[in-house]
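Residue numbers (our numbering), protein chains in the order written: chain G, 160 to 214; chain B, 75 to 232.
All C-beta atoms in this analysis are idealised placements derived from N, C-alpha and C, irrespective of residue type, glycine included.
This structure is a prediction, so every number in the text was calculated from the model and none was measured.
What follows is a short report on a single structure.
Structure representation (structure tokens):
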């Protein structure tokens, strides 16, 4: 199996990273996903036991 | 460990953007996965093609390497939650077909990822632990460490 490789901000990748960081915070899809979670919530066990909440 | 071949991937210093190149019959296509914070320790994974400085999450690249791409995204989620073990990762496809594809991928690897990763499926207005053969509308995954006494609430990030 070919191993995956993770690098932290390689110089060759720096310009690309800036592009990603310039990308607007939320896409329309992410906004829709957030609305979904706000409407339906999280698994009760996670909400009640650990206090997770959206927003 | 998932045995399906995966692509090499890279992450930015912030740790919430990952990228890799899909190589297939249509050439090289840059893919991006980003984790958008929706709440305290809650992240949405956005995934798609990177083109003209924009993430296209509805793109269908037909590059003939679907399994390798999905396996790579799985490894990316594993990497992200290794760095941030208290994270919940929410995932939902842009449409039912894509959501079903994610479900099939989870089904395929559930025996391997299940012991260290808890997955919830959303159906009929509620979340339940993921079961094979059920068609869900969305998914949430997190590391089992939550429930193993290794995750006191005071480690929560603001």
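Residue i versus the options, residue with shortest Cα-Cα distance
i                     : options                       : result
residue 81 (chain B)  : B:212, B:162, B:96 and B:217  : B:96
residue 188 (chain G) : B:179, B:152, B:207 and B:132 : B:132
residue 119 (chain B) : B:87, B:191, B:209 and B:91   : B:91
residue 163 (chain B) : B:182, B:123, B:188 and B:194 : B:194
residue 174 (chain B) : B:209, B:214 and B:77         : B:209
residue 191 (chain B) : B:177, B:83, B:218 and B:153  : B:218
residue 36 (chain B)  : B:184, B:159 and B:126        : Since the displayed chain B opens at 75 and closes at 232, residue 36 (chain B) lies outside it and no answer follows.
residue 182 (chain B) : B:211, B:207 and B:88         : B:207
Residue-level contact to chain G via CB, residue i, 8 Å cutoff
i                     : result
residue 231 (chain B) : Confidence at residue 231 (chain B) is low in this model, with a pLDDT of 38, below 50, so its placement is unreliable and no value can be given for it.
residue 161 (chain B) : no
residue 115 (chain B) : yes
residue 101 (chain B) : no
residue 138 (chain B) : no
residue 112 (chain B) : yes
residue 147 (chain B) : no
residue 164 (chain B) : yes
residue 131 (chain B) : yes
residue 168 (chain B) : yes
residue 228 (chain B) : Its pLDDT being 40, under 50, residue 228 (chain B) is placed unreliably in this model, and the coordinates cannot settle the point.
Counterpart residues of residue i in DSSP-defined beta bridges
i                     : result
residue 238 (chain B) : Residue 238 (chain B) lies beyond the range of chain B shown here (75 to 232); nothing can be said about it.
residue 193 (chain B) : B:215
residue 155 (chain B) : Residue 155 (chain B) is not bridged to any residue.
Environment of residue i [buried if 16+ CB atoms lie within 10 Å]
i                     : result
residue 208 (chain G) : exposed
residue 186 (chain B) : exposed
residue 203 (chain B) : exposed
residue 155 (chain B) : buried
residue 200 (chain B) : exposed
residue 157 (chain B) : exposed
residue 171 (chain G) : For residue 171 (chain G), the predicted model reports a pLDDT of 46, less than 50, meaning its position is unreliable and no value from the coordinates is stated.
residue 144 (chain B) : buried
residue 179 (chain B) : buried
Contact list for residue i against chain G, beta-carbon separation under 9 Å
i                     : result
residue 98 (chain B)  : Within 9 Å Cβ-Cβ: nothing; residue 98 (chain B) doesn't reach chain G, min ~15 Å.
residue 185 (chain B) : By Cβ distance, chain G contributes nothing, its closest Cβ being about 18 Å from residue 185 (chain B), past 9 Å.
residue 213 (chain B) : Residues of chain G passing the Cβ test: none, with the nearest at roughly 11 Å.
Proximal residues of chain G, C-beta to C-beta of residue i below 7 Å
i                     : result
residue 134 (chain B) : The contacting residues do not exist; residue 134 (chain B) stays about 15 Å from chain G at best.
residue 120 (chain B) : 186, 188 and 189
residue 198 (chain B) : Within chain G, no residue comes near residue 198 (chain B); the closest Cβ sits about 11 Å away, beyond 7 Å.
Short CB-CB distance (under 8 Å) between residue i and chain C
i                     : result
residue 207 (chain B) : Reference to chain C is not applicable here, since the protein chains of this structure are G and B.
Beta-carbon neighbours of residue i, restricted to chain G and to distances below 8 Å
i                     : result
residue 123 (chain B) : Those within 8 Å of residue 123 (chain B) in chain G number zero; the least Cβ separation is about 13 Å.
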